[in-house]
Amino acid sequence: MNHWNYRVIYDPESESFSIHEVYYENNKPTMWTENPVSIVGDDLNQLSNSFSWMQKAFSKPILKVLDGKLVEETRHNLEASKNGNSNSF
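According to the numbering used here, the sequence shown is numbered sequentially starting from 48.
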């Protein structure tokens, strides 16, 4: 099944989090937008809908860029790693 949604992506190279559109093939993330997305709309209703879709990204596991691919990472592992408490990446 091919689809897309918004996801939070962690980039260890820049040590930053951002929201991107992520595209899936057979329910596996295969591509993502090069740049983080911005919230825009042709009217306030469309803007509100876009914001709501982006908010859903926070309820899903964080994706991390690893060797040019996206892998799921738990929030706990990312926070521990950023604080020097893990050797997970």
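We put the CB at the ideal spot given by N, CA and C, even for glycine.
The Cβ atoms of TYR57 and GLU119 lie no closer than 8 Å to each other. Taking every protein chain shown into account, the CB of VAL55 has 16 or more other CB atoms within 10 angstroms, so this residue is buried. In the DSSP assignment, SER63 falls within the unbroken beta strand (DSSP E) covering 63-72. Residue VAL69 holds the alpha-carbon nearest to the alpha-carbon of HIS50 among VAL69, SER61 and ASN96.
Assigned with DSSP and collapsed to three states, MET78 falls in strand.
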